Structures are given as C-alpha cells and as structure tokens.
Ligand code: GLU
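In this note's numbering, the protein residues as written are 141 to 591.
This is the structure we're talking about:
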C-alpha cells in the first residue's frame with residue numbers, strides 16, 4: 141500500500157463530505173482535522189479503506205431536527221429549532237451535551253457530535269457519540285422562560301432518548317438549572333424514574349459529585365501530565381484562561397490549587413486582565429449566581445482592566461494558555477502571538493477553540509499542545525461515571541470520582557502519546573488522540589458487521 145493511496149482515500153472522502161454537507165464549515169473543519177491525522181493508520185492498515193470506514197463514520201446514524209414553541213413572559217409565542225445528532229453508537233449509547241446558543245445550527249451540532257465520537261472513545265468509557273441543542277439564547281431570559289423552553293424542548297426530545305439509547309447533558313448555555321428542568325419534564329412524560337437519561341443532574345436527584353468540576357479540572361490534570369513528562373509542573377506558572385463559564389471556572393480553580401497564577405479570563409464581550417491574580421470567588425458569584433457579564437469584575441477590583449473584544453486575551457504573555465470559551469476563538473495570529481510571548485503549554489478546554497492553522501503554529505513551534513478531544517474529555521468521562529452510579533443506585537464520594545477522573549486523564553495522555561509514537565508522529569497529541577479514539581470505534585463497527 142503506497143502512502144498516496146491513503147492520502148487519495150482521505151481526500152476523496154473529505155471532498156464527498158464537503159459536497160454532501162454544503163456550507164457546514166465547522167463540520168468540515170472537524171472532519172478535516174481527524175482525516176489528516178488518520179493517514180498513517182490507512183497506510184499501515186488498508187483494510188479500513190475496504191470497510192469504507194470513513195464514509196460510514198461521517199454520516200450520522202440519525203439526525204433529529206424539531207420545532208420548539210414556547211411562551212415568553214409577555215405571553216407571546218416564540219419558536220426555536222431543536223437538534224439531536226445521534227452520530228455513532230458502536231461502543232455505547234449516544235452521549236454528548238446540549239448547547240443552547242443563538243449560533244447553533246446543523247453544522248455546529250454535527251461538528252460537536254463528530255468530535256464527541258472520538259473524545260468519548262478516548263475516555264475508555266462505554267459511550268457513543270451524540271450532541272444536540274437549540275438556537276435558543278438563554279441570555280436575558282427569566283427562569284420561567286428558560287423552564288418553559290426546556291419543557292417544550294424535552295417534550296419532543298424525550299421520544300428519542302433513554303438511559304440505554306441516548307444520554308444528553310450540558311454544554312454552552314445548559315447547566316444544572318436547565319438539566320433540572322429537562323429531567324423534570326422527561327420524568328413526567330415517561331412516568332418512571334430513569335435517572336440515567338441525563339447527566340449533570342443536581343446532587344439531590346442522581347447527579348455525581350465532581351461532575352460540575354470535571355471538565356475544567358480534567359483540562360488542568362491533562363496539562364499537569366504534559367508538564368510532568370518534561371520534568372515541570374504548574375507551580376508558579378502564569379495562566380490565561382478564556383471564557384468564564386463552567387469549564388473556565390473550574391480550570392482556574394484547579395490551576396490555582398496547583399500553585400499557578402491566573403491573570404485573565406473573558407466572556408463574549410471582552411476580557412478581564414488582573415495582574416494581581418483573578419479572584420475566583422468574584423467570577424463564580426458574577427457568573428454562577430448573578431448571571432452577569434464579566435465586565436462587572438472591574439467594578440469590584442479596580443486593580444483589574446476590562447478590554448473589549450475577547451480574542452485579544454491571547455496577547456497577554458503567559459506560560460500556559462487554556463482556551464475554554466468556544467470554537468475558533470483562537471486564530472493563527474493569536475497562536476503566533478502566544479508563541480512569541482513564550483507560551484509553554486496550550487490545552488483546549490472548549491471544543492475546537494483553535495483554528496486548524498493555529499494548531500499548526502503550536503505544533504511547529506513545539507508548544508505542548510493538548511487538543512480538545514483529549515484535554516476536555518474529563519467532563520463527559522465523569523458523565524459516564526454518573527451513568528454508572530445511576531445504574532448501581534449508588535453515589536460515590538467526591539474523592540473517589542476525582543481520583544477516577546485523574547486516572548482517566550492520565551490514561552488519555554499516555555494512550556495518545558503511544559498512538560502518536562506508533563504511527564510516526566512522536567509527541568503530536570492531535571494525531572495521537574485522533575488515532576487512539578478512532579481505532580476503538582472503527583474496530584467495534586467492523587466487528588458488528590455492516591452498520
Ligand atoms: N458537553 C460536554 C462535552 O463537550 C460534556 C458532554 C457530556 O457530559 O455528555 O464533552
């Protein structure tokens with residue numbers, strides 16, 4: 141098998157994907173990243189090509205798109221669009237979050253669902269890949285409006301999910317409040333107590349300890365592994381974390397706990413730079429309780445500065461950069477700036493936050509780079525542990541879940557490093573994570589016949 145055959149195969153399938161899914165740029169981007177990583181696999185194992193493995197993987201098993209009508213506080217009818225992409229169930233029930241954000245469309249949900257297949261496989265847990273959401277904007281909505289929206293959304297979604305078929309959770313715009321409303325409506329419709337149908341639930345009704353913290357903590361545990369391999373640690377490092385939502389807050393918390401100094405965070409309006417160190421209690425209260433914009437931070441901390449425009453956060457010199465906001469928030473220019481400023485490590489807490497060109501800049505400059513599928517897999521991994529606890533009707537202690545999370549993150553790191561080495565790209569965690577995630581799903585699909 142010549143290398144060219146593998147390259148031609150990947151290019152041919154990629155072209156089909158772009159033609160068959162026109163204008164879905166985020167989905168194309170996610171597919172391209174995986175495909176480029178997989179060339180060495182097809183070089184060594186051409187039988188995957190005979191099994192048309194990529195042609196099958198890029199086609200979701202099922203996509204559901206539905207109307208979500210709801211009444212706002214003025215009594216006016218509003219209509220949003222809901223989605224669930226059930227991408228791949230070769231290794232377990234579909235698993236992945238729900239995103240409520242005005243930017244949500246088929247392309248966004250498909251890119252997220254596609255990445256979720258490989259991320260979930262990497263966790264070592266028995267979970268397939270799925271994703272969903274709506275173009276509903278929770279910003280500025282009352283609790284009652286959010287509740288009515290969630291109830292309407294679940295009225296339709298409930299027909300398609302279940303503890304052994306598809307298990308949604310949170311993502312951007314969907315946290316404990318939304319999961320609570322969604323679970324209440326599911327329970328009412330189904331008439332039974334199927335705790336394992338959703339993860340990220342409240343602790344009083346089947347939620348897992350450490351799930352709230354898991355994505356952010358996991359990202360920092362991953363950074364810890366990357367640094368450890370170089371004989372280094374987080375202690376005394378300067379960290380910039382974009383975003384100020386669930387992932388960002390708990391990434392900051394763990395980084396601080398491990399002795400780093402966090403100097404900036406952001407939201408979609410702009411970023412806060414606090415040279416004396418971000419006061420996490422303020423960020424938590426502003427974002428988790430008061431649901432305010434991050435700009436309000438400087439009213440309480442005059443030593444800090446607020447800057448309009450979120451992407452300029454990457455102009456701040458730092459040792460470690462953790463993009464934890466959203467897709468494509470870190471451009472090639474920003475990556476170059478980070479490198480010029482001496483960044484040592486970058487780990488993606490968000491999904492696909494770095495553009496393909498930005499990733500290349502990090503890899504070419506030998507920055508330790510933890511791609512999203514590996515670095516942010518801690519969230520969904522603990523979701524799988526929540527499912528296990530629900531099935532067993534038990535709740536584990538925080539320390540036990542956290543210990544398992546650390547072990548999972550260590551395994552993801554080492555499995556990805558090994559795969560990168562084996563397929564001729566030593567140290568390249570993008571290639572390593574993609575290959576390690578891919579192999580398990582591909583082999584399961586082949587073993588199960590033509591699915
Ligand atoms: N939305 C998270 C992710 O991107 C978590 C999904 C889950 O817990 O199911 O992986």
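Note that CB positions come from ideal geometry on N, CA and C, so glycine has one too.
Source: prediction; values computed, not measured.
Closest to residue 178 by C-alpha separation, out of 453, 570, 534, 200, would be which residue? Counted from its first residue, the chain shown places residue 178 at position 38. Per the Cα distances, 570.
So, are the CB atoms of residue 249 and residue 279 less than 7 Å apart? Counted from its first residue, the chain shown places residue 249 at position 109. Counted from its first residue, the chain shown places residue 279 at position 139. It is not a contact, given that the beta carbons lie outside the stated cut-off.
Consider the C-beta atom of residue 541 and the heavy atoms of the ligand GLU; say whether any pair is separated by less than 6 Å. By 1-based counting over the chain shown, the position of residue 541 is 401. Residue 541 Cβ: outside cutoff for every heavy atom of the ligand GLU.
Ignore the nearest five residues each way along the sequence and tell me which others in residue 390's own chain have a CB closer than 8 Å to its CB. Translated into the one-based positions of the chain shown, residue 390 becomes position 250. The residues are 352, 353, 354, 355, 356, 357.
Alpha carbon of residue 193 to alpha carbon of residue 149, nearest angstrom: What you label residue 193 is simply residue 53 of the chain shown in a count that begins at 1. What you label residue 149 is simply residue 9 of the chain shown in a count that begins at 1. Between residue 193 and residue 149, the C-alpha separation is close to 11 Å.
How about residue 304: is its Cβ closer than 6 Å to a heavy atom in the ligand GLU? Indexing the chain shown from 1 puts residue 304 at position 164. No, the ligand GLU has no heavy atom inside 6 Å of this Cβ.
For residue 381 versus residue 402, is the C-beta spacing smaller than 7 Å? The residue given as residue 381 occupies position 241 in the chain shown. The residue given as residue 402 occupies position 262 in the chain shown. Contact flag set, yes.
Nearest-angstrom Cα distance between residue 460 and residue 198? Within the chain shown, the letter at position 320 stands for residue 460. Within the chain shown, the letter at position 58 stands for residue 198. Each residue's alpha carbon lies about 33 Å from the other.
Is it right to say residue 325 is buried, meaning 16 or more other beta carbons lie within 10 angstroms of its own, or is it exposed? Locating residue 325 in the chain shown gives position 185, counting from the first residue. That one is buried.
In chain order, what residues of the same chain lie with their CB nearer than 7 Å to the CB of residue 584, ignoring the 5 residues before and after it? For the purposes of this step, residue 584 is taken as the residue at position 444 of the chain shown. Within the same chain, residue 584 has close Cβ partners 230, 231.
Please check the pair residue 395 and residue 360, which I expect to be a contact at CB under 8 Å, by giving their CB distance rounded to whole angstroms. Locating residue 395 in the chain shown gives position 255, counting from the first residue. Locating residue 360 in the chain shown gives position 220, counting from the first residue. Going by Cβ atoms, the distance from residue 395 to residue 360 rounds to 5 Å, so yes, they are a contact pair.
Exposed or buried, which one is residue 542 when buried takes at least 16 other CB atoms within 10 Å? Within the chain shown, residue 542 is the residue found at index 402, counting from 1. Taking all protein chains in view, the Cβ of residue 542 is crowded by 16 or more other Cβ atoms within 10 Å, so the residue is classified as buried.
With residue 220 as the anchor, note down where its alpha helix (DSSP H) starts and where it stops. Stepping through the chain shown from its first residue, residue 220 is reached at position 80. Taken as a continuous stretch (DSSP letters only), residue 220 belongs to no alpha helix (DSSP H), being part of the beta strand (DSSP E) at 217 to 228.
Helix, strand or coil for residue 615? Go by DSSP, reduced to three states. Any property of residue 615 remains undetermined from this structure, which presents the chain solely from 141 to 591.
If you check the beta carbons only, do residue 499 and residue 483 fall under 7 Å apart? As a first step, residue 499 is located in the chain shown; it is residue number 359 there, counting from the start. As a first step, residue 483 is located in the chain shown; it is residue number 343 there, counting from the start. Contact: no.
For the region 164 to 198, list the alpha helix (DSSP H) runs that are entirely contained and at least 4 residues long, ordered along the chain. As far as the region 164 to 198 is concerned, its whole alpha helix (DSSP H) runs of at least 4 residues are 165 to 184, 187 to 190, 193 to 197.
Roughly how many whole angstroms lie between the Cα atoms of residue 458 and residue 417? The residue given as residue 458 occupies position 318 in the chain shown. The residue given as residue 417 occupies position 277 in the chain shown. Each residue's Cα considered, the two are about 12 Å apart.
Quick check for students: name the residue ranges of the beta strand (DSSP E) that lie wholly in the region 320 to 406, counting only runs of 3 or more. 378 to 381
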